[in-house]
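Counting from 24, one number per residue, gives the positions in the sequence shown under the working numbering.
Accompanying notes for the structure given below.
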Amino acid sequence: MDRAPAAALETTRAWLLAAQARDVDHVLAHASDLGGVHTFASGPDTNLSLAELVAHLRTYPPVPMEAVEVDGRCRGDVAWVFGTAQVRLPEGPPLAMRISAVLVDDAGWKVVHLHLSEGVAHEV
Numbered sequence: 024m025d026r027a028p029a030a031a032l033e034t035t036r037a038w039l040l041a042a043q044a045r046d047v048d049h050v051l052a053h054a055s056d057l058g059g060v061h062t063f064a065s066g067p068d069t070n071l072s073l074a075e076l077v078a079h080l081r082t083y084p085p086v087p088m089e090a091v092e093v094d095g096r097c098r099g100d101v102a103w104v105f106g107t108a109q110v111r112l113p114e115g116p117p118l119a120m121r122i123s124a125v126l127v128d129d130a131g132w133k134v135v136h137l138h139l140s141e142g143v144a145h146e147v
């Protein structure tokens, strides 16, 4: 696999920041709906279609996201992007998040799937 193009990495980073800022127009403009689970996270009831994700974003206030670091791999018109970020919750310390996204190049890179999970210590 080749390294993901800079445009795919930047699309992912900007999409995450837009979702956290509740910029639904940006999220929809840079997403592709394949009719399945679009986004899931490590919380309850977080397996969301794109429509459910947009409804969620419209319901809840913004949550700042910082230190978004992404890298990725690409094969043809499909990219897998992975990385980390810090989420600032209203109370408590920043939450370390792991990110994994799948994008397709469809007249520009579009997010088709996203996974967010809380970072935890790796123990063997």
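All residues carry an ideal CB built from backbone N, CA and C; glycine is no exception.
Proximity to residue i [Cα-Cα], best of the options
i	options	result
isoleucine 122	Trp38, Lys133, Val104 and Trp132	Val104
glycine 99	Gly59, Gly131 and Leu51	Gly131
alanine 7	Ala78, Ala102 and His49	The requested residue 7 is not part of the displayed model; the chain covers only 24 to 147.
glutamate 114	His138, Glu33, Val86 and Arg45	Val86
histidine 79	Ala119, Arg111, Met120 and Ala64	Ala64
glutamate 89	Asp68, His49, Pro117 and Gly66	Pro117
histidine 53	Lys133, His138 and Glu141	Lys133
Residues sharing a beta bridge with residue i, DSSP
i	result
leucine 137	Thr62 and Ala124
Limits of the unbroken alpha helix (DSSP H) element including residue i
i	result
arginine 36	29-44
8 Å contact criterion, which residue i and residue j should meet: CB distance rounded
i	j	result
leucine 71	aspartate 56	Their Cβ separation, rounded to whole angstroms, is 11 Å, which puts leucine 71 and aspartate 56 out of contact at 8 Å.
arginine 26	arginine 96	7 Å
valine 91	glycine 106	7 Å
Handout entry: Those runs of the beta strand (DSSP E) which lie wholly inside the stretch 49-131 and span at least 3 residues
Key = 62-64, 88-98, 101-110 and 118-128
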